[in-house]
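Visitor:
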């Protein structure tokens, strides 16, 4: 069998959707999967099951692959440095991934670039926190995601759990924000950078619930500023592939950077059905240093709603109900078993009327998650 | 590993593109591949390599799959009958596939339905052919495709090669046609039928070269007639999955049925990028008896151009050139090595202006096939 053109570390839904794009582009993928039947292992024949924290396993996976990319940001940087020293191109590279892995490093670097950030400081004691002030958001500098490793604290007493974790913590001001936005860009090693339309991301319990593309009623100047900011961060940090910059639009109309992700991102899933080139295709094109594809939207409005594990246990059976109810909504299932709150799929609707698009996407997601439409 | 929901016999590009749709729908596929590295085997982990004319091999593949569908129409009908007797749903079934496998049976059945066909007769000798009249098209009743097993004859002498083949032959009038059209429908076992817009198909050397969706300047009444005809044939023949009805639009403005195909068809590839639901997704939805998806076009015009093996041998290297030249054309490569005239991929362009869309699609295809744009 010919050598793969690309190795992907991690077998979650992001790698699964990369494979969908790879089929069209004719890109052969080798996958490192955490277990034999994880989401992407179901659809990538050339896969190895193993542990991404083990350097020998990583070496086996990337053996004859010139380029390596990632389903997540958790591969130890020293392993990536070793792979690079052995001639494999890690995209994004460990020097960039650092800023997605460590929130304190990210804040320091972004502030050095002049990128607008919430006021922040590393804190190692209650005294530090009192000195920082309340209310504050405490975050573990590493390993947090989807609301995990994040605490909103209004007094030193609120912070006991966070300090008890024994992990390095970053305190940030509790931002008074109007809404959350996300600016996605693709960047190739040659330096080509292309931004997607800025989207609005709505969270529930710290997890992305729905995304509206483009962000409704966004001041065009603020949209341009968000795109330029994401392009600049991608370039300055030498990110390759997709960079997602999660942003606050503050109550007084400014942008503040919330988080960075260096891989296809939940706030870009709408692009599979809603953009000329999906974030997954552009991630592949970027990491393989191919010219990037147009990021223009294909419809005035696209809305993506996540399917989180809910009352419906048999997604396959319920799929038929949703397909019957909404013949022009696109369903994406990740091949995962249902657990409460687990991301098991998403739906995307698009069209000329935002209220209609929102209603169709939400109705489909509710039907698929809970078996009812809530209306 | 959980059981597959669907077995696909045949590992060509049609099965490969079905897998792309299956990933989104969360449908697990098992594949019977002709060889270890054929187009679809590259992207379907759960595959068996074997011979589709061997019943035991077929039994192994479909073992725990409730439904079986096909990349091609060549599985022996007696095997399909055996599988059905053993409880597997073959979709389409052998009773329908017969009319895609045997052109004489197809003509007899279509004429019984009153579907418009070219004048035709089975011929077994030069005398029969002379009695039928000239010019005529001779076709082997079975096994012909892409111009193979087809002869245009203007005298008995022209027919020597055809008769020498020793195979049953059908003679048809040489139709004076304005152009070729195709009407695609999806039909589920429950009887739901949905038609795609009627397209124009342009051939070169008997092989589909490009497809324009919808067919330009097609009389709306003729378009409605073509759709209704395809829907009626699908229903009367009890086709499940995609049925493609290839049609002549005659010089005097009538429709005549040319060929039937009972699987996703080259004239429907535009729908991946150009329709709300691709023919591949609707084929899966149909054979699994799921509700069908909307067949509406997403752009005023879509043009698909086939990539046939040409001067470019290294498609992967040339891919970068095309992606750079045309950032909003969609490339589909099938993972096949280049041989002269072999279908190795296709490109699709779409947009509001037909001349522009045609130009972009043709330029991309020429670049990918021959390395030059011909303009």
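Chains as they are written, first to last, in our numbering: chain F, 1 to 375; chain W, 1001 to 1375.
For every residue, glycine included, the Cβ atom is placed at its ideal position computed from N, Cα and C.
Answer yes or no: does any C-beta atom of chain W fall closer than 8 angstroms to that of residue 28 (chain F)?
Guide: On the first chain, position 28 is the one that residue 28 (chain F) refers to. With 8 angstroms as the cut-off, residue 28 (chain F) counts as an interface residue toward chain W.
Visitor: Going along the chain, which residues of the region 268-281 of chain F sit with their C-beta nearer than 7 angstroms to a C-beta in chain W?
Guide: So the close ones are 276.
Visitor: So the alpha helix (DSSP H) residue 1380 (chain W) belongs to, where does it begin and stop?
Guide: Outside the shown range of chain W (1001 to 1375) lies residue 1380 (chain W), about which nothing can therefore be said.
Visitor: Starting from the N-terminal side, write out each stretch of the alpha helix (DSSP H) that is 4 residues or longer and does not extend beyond the region 35-122 of chain F.
Guide: 55-62, 77-85, 94-101 and 103-113, all fully within the region 35-122 of chain F.
Visitor: Along the region 33-52 of chain F, what residues have a CB closer than 9 angstroms to any CB found in chain W?
Guide: Going along the region 33-52 of chain F in chain order, one finds 36, 37, 41, 42, 43, 44, 45, 46 and 47 with a Cβ nearer than 9 angstroms to chain W.
Visitor: Look up residue 1316 (chain W) in the DSSP assignment and say whether it is helix, strand or coil.
Guide: Within the second chain, the letter at position 316 stands for residue 1316 (chain W). Residue 1316 (chain W): helix per DSSP, three-state reduction.
Visitor: Can the beta-carbon of residue 181 (chain F) be found closer than 8 angstroms to that of residue 225 (chain F)?
Guide: The residue labelled residue 181 (chain F) in the question sits at position 181 within the first chain. The residue labelled residue 225 (chain F) in the question sits at position 225 within the first chain. Contact: no.
Visitor: Could you compute how far the alpha carbon of residue 1367 (chain W) sits from the alpha carbon of residue 1321 (chain W)?
Guide: Looking up residue 1367 (chain W) in the second chain gives position 367. Looking up residue 1321 (chain W) in the second chain gives position 321. Roughly 8 angstroms separates the two Cα atoms.
Visitor: List the endpoints of the continuous alpha helix (DSSP H) containing residue 1020 (chain W).
Guide: Here residue 1020 (chain W) corresponds to residue number 20 of the second chain, with the count starting at 1. Residue 1020 (chain W) -> alpha helix (DSSP H) spans 1013-1025.
Visitor: Residues of the region 332-361 of chain F in Cβ contact with chain W at a cutoff of 8 angstroms, in chain order, please.
Guide: Flagged, chain order: 332, 333, 334, 335 and 345.
Visitor: Following the continuous alpha helix (DSSP H) through residue 1306 (chain W), name the residue where it begins and the one where it ends.
Guide: For the purposes of this step, residue 1306 (chain W) is identified with residue 306 of the second chain, where counting begins at 1. First-last for residue 1306 (chain W): 1301-1308, but that is the beta strand (DSSP E), not the alpha helix (DSSP H).
Visitor: Here's the rule: buried if 16 or more other CB atoms are within 10 angstroms of the residue's CB, otherwise exposed. What is residue 1291 (chain W)?
Guide: Position 291 of the second chain, counted from the first residue, corresponds to residue 1291 (chain W). Burial call: buried.
Visitor: Which runs of the beta strand (DSSP E) spanning at least 3 residues fall entirely within the region 127-207 of chain F, listed in chain order?
Guide: For the region 127-207 of chain F, whole beta strand (DSSP E) runs of length 3 or above, ordered along the chain, are 136-140, 150-153, 169-173, 177-187, 193-195 and 199-204.
Visitor: Could you check the C-alpha separation between residue 1251 (chain W) and residue 1178 (chain W) for me, to the nearest Å?
Guide: For this step, residue 1251 (chain W) is matched to residue 251 along the second chain. For this step, residue 1178 (chain W) is matched to residue 178 along the second chain. C-alpha separation (whole angstroms): 5 angstroms.
Visitor: Report the neighbours of residue 18 (chain F) on chain W: residues whose CB is nearer than 9 angstroms to its CB, in chain order.
Guide: By one-based count along the first chain, residue 18 (chain F) stands at place 18. Simply none; closest approach about 10 angstroms.
Visitor: Strictly under 8 angstroms for the Cβ-Cβ distance: is residue 1314 (chain W) near chain F by that measure?
Guide: Locating residue 1314 (chain W) in the second chain gives position 314, where the first residue counts as 1. False, the Cβ-Cβ gap to chain F never drops below 8 angstroms.
Visitor: Are at least three pairs of beta-carbons, each pair with one atom in the region 184-192 of chain F and one in the region 156-172 of chain F, less than 8 angstroms apart?
Guide: The region 184-192 of chain F vs the region 156-172 of chain F: no contact.
Visitor: The alpha helix (DSSP H) that contains residue 1359 (chain W), what's its start and end?
Guide: Along the second chain, read from residue 1 onward, the residue named residue 1359 (chain W) stands at position 359. 1354-1370 is the extent of the alpha helix (DSSP H) around residue 1359 (chain W).
Visitor: Can you list the beta strand (DSSP E) stretches of 3 or more residues lying completely in the region 1215-1256 of chain W, in chain order?
Guide: Fully enclosed beta strand (DSSP E) runs of 3 or longer: 1241-1250.
Visitor: When the cut-off is 8 angstroms and only beta carbons count, does residue 1317 (chain W) lie next to chain F?
Guide: Working through the second chain from its first residue, we reach residue 1317 (chain W) at position 317. Not an interface residue.
Visitor: Under three-state DSSP, which class holds residue 1006 (chain W)?
Guide: Counted from its first residue, the second chain places residue 1006 (chain W) at position 6. Residue state, collapsed to three classes: strand.
Visitor: Using the three-state DSSP reduction, which class does residue 1277 (chain W) fall into: helix, strand or coil?
Guide: Counted from its first residue, the second chain places residue 1277 (chain W) at position 277. Note: residue 1277 (chain W) maps to coil in three-state DSSP.
Visitor: Starting from residue 1363 (chain W), find everything on chain F with Cβ-Cβ shorter than 9 angstroms and list it in chain order.
Guide: Stepping through the second chain from its first residue, residue 1363 (chain W) is reached at position 363. Simply none; closest approach about 15 angstroms.
Visitor: In three-state terms, what does DSSP make of residue 267 (chain F)?
Guide: By one-based count along the first chain, residue 267 (chain F) stands at place 267. If DSSP states are grouped into helix, strand and coil, residue 267 (chain F) belongs with the helices.
Visitor: In its own chain, which residues sit with a C-beta less than 7 angstroms from the C-beta of residue 1203 (chain W), not counting the 5 before and 5 after it?
Guide: By 1-based counting over the second chain, the position of residue 1203 (chain W) is 203. So the qualifying residues of the chain are 1180 and 1209.
Visitor: With respect to the beta strand (DSSP E) encompassing residue 1347 (chain W), which residues constitute its N-terminal and C-terminal limits?
Guide: Working through the second chain from its first residue, we reach residue 1347 (chain W) at position 347. Segment 1343-1351, the beta strand (DSSP E) holding residue 1347 (chain W).
Visitor: Residue 1053 (chain W): buried (16+ other C-beta within 10 angstroms of its C-beta) or exposed?
Guide: In the second chain, counting from the first residue as 1, residue 1053 (chain W) sits at position 53. Residue 1053 (chain W) comes out exposed.
Visitor: Would residue 950 (chain W) and residue 1280 (chain W) qualify as a contact pair, given that the criterion is a beta-carbon distance under 8 angstroms?
Guide: The shown model of chain W, from 1001 to 1375, leaves out residue 950 (chain W), and the question about it has no answer.
Visitor: In three-state DSSP terms, what is residue 1028 (chain W)?
Guide: To locate residue 1028 (chain W), count along the second chain from 1; it is residue 28. In the structure shown, residue 1028 (chain W) sits in coil (DSSP, three-state: anything other than H, G, I, E or B).
Visitor: Which term fits residue 103 (chain F), buried or exposed, when burial requires 16 or more other beta carbons within 10 angstroms of its beta carbon?
Guide: Your numbering for residue 103 (chain F) matches position 103 in the first chain. When all chains shown are included, residue 103 (chain F) counts as buried.
Visitor: Could you pull out every residue in the same chain whose Cβ sits closer than 6 angstroms to the Cβ of residue 1122 (chain W), ignoring the five residues on either side in sequence?
Guide: One-based indexing of the second chain puts residue 1122 (chain W) at position 122. Result list for residue 1122 (chain W): 1104 and 1170, in chain order.
Visitor: Using only the alpha-carbon positions, how far apart do residue 217 (chain F) and residue 247 (chain F) sit?
Guide: Looking up residue 217 (chain F) in the first chain gives position 217. Looking up residue 247 (chain F) in the first chain gives position 247. In a straight line, the C-alpha of residue 217 (chain F) is about 16 angstroms away from that of residue 247 (chain F).
Visitor: Does residue 238 (chain F) get closer than 8 angstroms to chain W when you measure Cβ to Cβ?
Guide: Position 238 of the first chain, counted from the first residue, corresponds to residue 238 (chain F). By this cut-off, residue 238 (chain F) is not an interface position.
Visitor: For residue 1330 (chain W), which residues does DSSP report across the bridge?
Guide: By 1-based counting over the second chain, the position of residue 1330 (chain W) is 330. Answer is W:1348.
Visitor: Compute the beta-carbon to beta-carbon distance between residue 315 (chain F) and residue 338 (chain F), rounded to the nearest angstrom, for a pair I have assumed lies under 8 angstroms.
Guide: The residue labelled residue 315 (chain F) in the question sits at position 315 within the first chain. The residue labelled residue 338 (chain F) in the question sits at position 338 within the first chain. Indeed, because the Cβ distance is near 6 angstroms, the residues count as touching under 8 angstroms.
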